[in-house]
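S.K.:
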Amino acid sequence: MGRVLLLLLSVVFTSSSITNAFLFDKKGLFLVPSVAFRDRSSASQWTLYNQGWHYEENPVKALLMEKSLELIVQKDLDRNRVKMFTAEGKEKKDVCIDGLTRSMCTKTDNEGRIKNPFTMTNEEIELLRQPGGNGGKVTFQASIPKKNIKTQGEVYLCDDEGVTFISDIDDTIKITEVTSSTQTLINTFSGDFKAVPGMAEIYRHWAGQYNATFAYLTASPDQLYPFLREFFDREQFPSEYTQSSVHSTR
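In case it helps, mature numbering (1 follows the signal peptide of the UniProt record, and there is no 0) puts the sequence shown at residues -21 to -1, 1 to 229.
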């Protein structure tokens, strides 16, 4: 039997919010947990996908957005989210990956994104495999050469056999209220992200029952990922790989 994919759809909920604790760096780099599959042309090879963003603060855009949002949100505006959302991607910058069996470097694209696949042999994967998901994971470090900017990435290994739950985030596990633009802004830029009641418990149960991997999909831009990761950790959702369908505000 091959890998089973189960798609979890959206339901709309409402809630209030409080304060978020993520600290924004004026220049930074983050990686989004990604996934690896066996290469169809060679069972001894794996293809690993790498996704992240290298950014720099744009204080003018942040200030303008803050002033606009203050009229809508009115209280508990999370300025760290505003700064991250309005930051500019650092285009065509070198990013080096370490901690694997060999070092490699790539460049960011025109929007500062890091999104490139690379291959590893099965032997290399087995040397680096750590517990995580139903097939394990590989961790590595990424850094900007000659800058004190670095972060850690993780790639979840999805073999040919197994179960993967594919879940939307907005109004499936996190209250966003996407049917209201005002409430979406309030739920995105003020207070803690709020979980849809009971969903974390259901997902943890499924993770244990089916030894499943989870893939989370969102229409939010990559800039909001650090805050989503806080949300996953705080609410104890099975923390696996995340795919954003929007990558930049530029």
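Even glycine gets a Cβ: it sits at the ideal position worked out from N, Cα and C.
What are the partner residues of Arg17, as DSSP defines its beta bridges?
M.R.: The residue you call residue 17 lines up with position 38 of the sequence shown. Per DSSP, Trp25.
S.K.: Answer with buried or exposed for Gly141, where buried requires no fewer than 16 other C-beta atoms within 10 angstroms of its C-beta.
M.R.: Here residue 141 corresponds to residue number 162 of the sequence shown, with the count starting at 1. It counts as buried.
S.K.: I need the DSSP call for Leu203, collapsed to helix, strand or coil.
M.R.: Translated into the one-based positions of the sequence shown, residue 203 becomes position 224. It is helical.
S.K.: Hey, could you find the ends of the alpha helix (DSSP H) Leu42 is sitting in?
M.R.: The count along the sequence shown starts at 1 and reaches residue 42 at position 63. Taken as a continuous stretch (DSSP letters only), the alpha helix (DSSP H) holding Leu42 covers Pro38 to Val52.
S.K.: Could you tell me which uninterrupted beta strand (DSSP E) segments, each at least 3 residues in length, are contained entirely in the stretch 60 to 96, listed from first to last along the chain?
M.R.: Runs found: 73 to 77 and 83 to 86.
S.K.: Can you round the beta-carbon distance between Gln109 and Thr118 to whole angstroms, since I take them to be within the 8 Å contact cut?
M.R.: Stepping through the sequence shown from its first residue, residue 109 is reached at position 130. Stepping through the sequence shown from its first residue, residue 118 is reached at position 139. Their Cβ separation, rounded to whole angstroms, is 6 Å, which keeps Gln109 and Thr118 in contact under 8 Å.
S.K.: Between the C-alpha atoms of Tyr195 and Thr167, what's the straight-line distance to the nearest angstrom?
M.R.: The residue labelled residue 195 in the question sits at position 216 within the sequence shown. The residue labelled residue 167 in the question sits at position 188 within the sequence shown. Answer to the nearest angstrom: the Cα atoms are 17 Å apart.
S.K.: Helix, strand or coil: which one does DSSP assign to Gln215?
M.R.: The count along the sequence shown starts at 1 and reaches residue 215 at position 236. Three-state result, Gln215: coil.
S.K.: Put Thr100 into one of helix, strand or coil per three-state DSSP.
M.R.: One-based indexing of the sequence shown puts residue 100 at position 121. Thr100: strand per DSSP, three-state reduction.
S.K.: Rounded to whole angstroms, what's the CA-CA distance from Leu50 to Phe210? Just pull it up for me.
M.R.: Reading the sequence shown from its first residue, position 71 is the one you call residue 50. Reading the sequence shown from its first residue, position 231 is the one you call residue 210. Straight-line Cα distance between these residues: approximately 26 Å.
S.K.: Comparing C-alpha positions only, which one of Asn95, Pro12 and Ile152 sits nearest to Val134?
M.R.: Here residue 134 corresponds to residue number 155 of the sequence shown, with the count starting at 1. Here the closest residue by C-alpha is Pro12.
S.K.: Does DSSP put Ala191 in a helix, a strand or coil?
M.R.: To locate residue 191, count along the sequence shown from 1; it is residue 212. Note: Ala191 maps to coil in three-state DSSP.
S.K.: DSSP three-state call for Ile165: helix, strand or coil?
M.R.: As a working note, residue 165 is residue 186 in the sequence shown. Ile165: helix per DSSP, three-state reduction.
S.K.: Does DSSP put Ile181 in a helix, in a strand, or in coil?
M.R.: Locating residue 181 in the sequence shown gives position 202, counting from the first residue. Helix at Ile181.
S.K.: In the DSSP output, which residue or residues are listed as bridge partners for Ala121?
M.R.: Counting from one through the sequence shown, the residue named residue 121 turns up at place 142. According to DSSP, which records beta bridges pairwise, Ala121 is partnered with Ile76 and Thr130.
S.K.: Which term fits Gly187, buried or exposed, when burial requires 16 or more other beta carbons within 10 angstroms of its beta carbon?
M.R.: The residue you call residue 187 lines up with position 208 of the sequence shown. Flag for Gly187 reads exposed.
S.K.: Can you tell me whether DSSP reads Phe172 as helix, strand or coil?
M.R.: Counting from one through the sequence shown, the residue named residue 172 turns up at place 193. It is coil, neither helix nor strand.
S.K.: Where does Ser160 fall in DSSP's three states?
M.R.: Against the sequence shown, residue 160 aligns to sequence position 181. Ser160: helix per DSSP, three-state reduction.
S.K.: Counting only the same chain and skipping the five closest in sequence on each side, list residues whose C-beta sits under 8 Å from that of Val52.
M.R.: Walking along the sequence shown from the start, residue 52 turns up at place 73. Leu164, Ile165, Phe168 and Ser169.
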